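Residue 25 in UniProt numbering sits at position 25 of the sequence shown, and the numbers go up by one each step. Glycine residues also receive a C-beta, built at the ideal position from the N, C-alpha and C atoms. It should be emphasised that the depicted structure is a prediction, and the values quoted were computed from it without experimental measurement.
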Amino acid sequence: MDFNQLDQTLRDSLADLKLSVDERDELRELGQSLSPDAIRFLRNRAFALVRELVADPAQAQPALKWLEQVVKTLDLKAQVAREPASAHFSPGESCRQKILALCRAARTQVDVCVFTLADDLLAAALLECHRRGVAVRLITDNDKAFDAGSDVVWLRDQGLPVRVDRSSYHMHHKFAVFDGRLLLNGSFNWTRSASTSNEENLMVIEHAQLVADFRTEFERLWARHA
1 MDFNQLDQTL RDSLADLKLS VDERDELREL GQSLSPDAIR FLRNRAFALV
51 RELVADPAQA QPALKWLEQV VKTLDLKAQV AREPASAHFS PGESCRQKIL
101 ALCRAARTQV DVCVFTLADD LLAAALLECH RRGVAVRLIT DNDKAFDAGS
151 DVVWLRDQGL PVRVDRSSYH MHHKFAVFDG RLLLNGSFNW TRSASTSNEE
201 NLMVIEHAQL VADFRTEFER LWARHA
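What follows is the structure in structure tokens.
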């Protein structure tokens, strides 16, 4: 089955916003037989197809549920990390330098979901990704987004897609997904003080199910704060 056929399989399944038992069985068989590249293609196409629907409130929830079921079905044999996880701590440069390295290595997509972004080096790294054709998206919170020193407005003005939680509560996540396969998550806010003063942590792991869960959460928030 070539990539066009795989794409059509997903489109046919998504048409009614439900993953039937037969469709689940077919995907499970594909997950057991396809190469890692083909499975990665299917997973990324599923996210891309759902992204086209989440702007419609009537379709967002069933589409995200379909996406969750598809990813879990495909990833039944991919529960073990293919690369060692790494942990990083501050104060110090470990967390910041890891983020910068991931940005430099990114090739297709970077989704960032952080409460605060106020580190010019990290903001510049995201802009550099954007300028070389990487699809960069940012979700943040209004509590700090418009403060002096925040890089959020600057990034938005440079053309990065930015969505802001303007509710009375807080979007307090601190995670990012790189190229649909690497998850960065922890307490580390993307600020200068997080590197120079605060006791913070972040973890980086390549694990299909964890990445899929965080990508689904990102899409949910992206639709919610449209």
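Within the model, the alpha-carbon separation for residue 5 versus residue 68 is close to 21 Å.
Shown here, residue 161 sits in coil according to DSSP, grouped into three states, outside any helix or strand. Between residue 225 and residue 164, the C-beta spacing is below 9 Å. Separation of the CB atoms of residue 119 and residue 96 is rounded to 7 Å, and the pair is thereby assigned contact status at 8 Å. For residue 196, no beta strand (DSSP E) encloses it; the enclosing alpha helix (DSSP H) starts and ends at 192-196. Using a Cβ-Cβ distance cut-off of 8 Å, the region 83-91 and the region 39-58 are not in contact, since fewer than three pairs of beta carbons, one from each stretch, lie closer than that value.
Residue 223 counts as buried, since at least 16 other C-beta atoms from the protein chains shown sit within 10 angstroms of its C-beta. Minimum Cα-Cα distance from residue 129 among the listed residues 60, 41, 195, 160 corresponds to 160. A Cβ-Cβ separation of about 6 Å places residue 220 in contact with residue 64 under the 8 Å criterion.
Collapsing the DSSP output to three states places residue 140 in a strand. Inside the region 21-57, DSSP marks whole alpha helix (DSSP H) runs of 4 or more residues at positions 21-33, 36-51, from first to last along the chain.
The Cβ neighbour count for residue 181, taken over all protein chains shown within 10 Å, is at least 16; the residue is labelled buried. Residue ranges of uninterrupted beta strand (DSSP E) with 3 or more members, entirely inside the region 88-126 and ordered along the chain, are 109-114.
Closest by C-alpha distance to residue 183, out of 171, 172, 207, 201, is 207. The Cβ neighbour count for residue 215, taken over all protein chains shown within 10 Å, is at least 16; the residue is labelled buried. Under the three-state reduction of DSSP output, residue 72 falls in the helix class. DSSP places residue 177 outside any alpha helix (DSSP H); the residue lies instead in the beta strand (DSSP E), whose first and last residues are 174-178.
Closest in C-alpha terms to residue 138, from the list 31, 152, 157, comes 152.
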